[in-house]
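Here the structure is laid out as structure tokens; the discussion comes afterwards.
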Amino acid sequence: MKMHMMVFPFLLAALPMMANAAERQLGPHIHGQASVNMSVDGGLMDVQVSVPGHDAVGFEHPPASPRERSAVDRATATLTGAGWLVPASAAGCTLASAKVSPHGFGDAAEPGGHADFDAEYHYACRKVAELDHVDVRLASAFPAVRKVVVDIITASGSNQQDLEGSATRVDVRQ
Ligand SMILES: [Zn+2]
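If you want it as structure tokens, here you go:
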């Protein structure tokens, strides 16, 4: 924990440089904790997620072996598949696009720095009025994730919901 607190001043100082990557940092980088942003607007649901490399693959540096390389590929595929995110079935949501961005696993990664998997999804929902919940199963996809902090925005306002243990249900109040 102490190490992470020390990282923050650097991150804050680096923010202007990261202006084009606003989607990169969704909340603080804390091992064991994933961050999710959800917004529901009209028939569209947008979701962004950030999972620490520590939780997704067990390391935060460029892959140094074939085993580490395939771990990064597997985590990327798991996120791309979006199976961890299950909107209420009555809402008829279909995944329109998924983009996964591993950060800190490339050759340019800072030695000793942290690494994340960020992903962004767009869904189209035929009956969005039926979207009363979304199940977030990140802790099943990545067992090292012990807590998921979900920020959700709908026409009726925004709120934050924390999922711990085996909890997956995020209430959507439209
Ligand atoms: Zn880390």
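Numbering (my numbering), first residue to last: 792 to 965. Beta carbons: idealized from backbone N, C-alpha and C, even for Gly. Please read these numbers as outputs of a predicted model, since none were measured by experiment.
With 6 Å as the limit between CB and the heavy atoms of ligand 1, the residues that fall short of it are His-820, His-822, Pro-843, His-845, Glu-851 and His-905. Contact check for Gly-834 and Ala-946: beta-carbon distance about 12 Å, past the 8 Å limit, so the pair fails to qualify. Exclusion of the five residues before and after Ala-879 leaves Glu-921, Leu-922, Asp-923, His-924, Val-925 and Val-963 as the residues of its chain whose Cβ lies within less than 8 Å of its Cβ.
For Asp-926, the enclosing beta strand (DSSP E) covers residues 924–927. The three-state reading of DSSP puts Pro-857 in helix, counting H, G and I together. Contact between the segment 843–854 and the segment 871–886 is absent, with fewer than three C-beta pairs closer than 8 Å. Around the CB of Asp-953, fewer than 16 other CB atoms lie within 10 Å, so the residue is classed as exposed.
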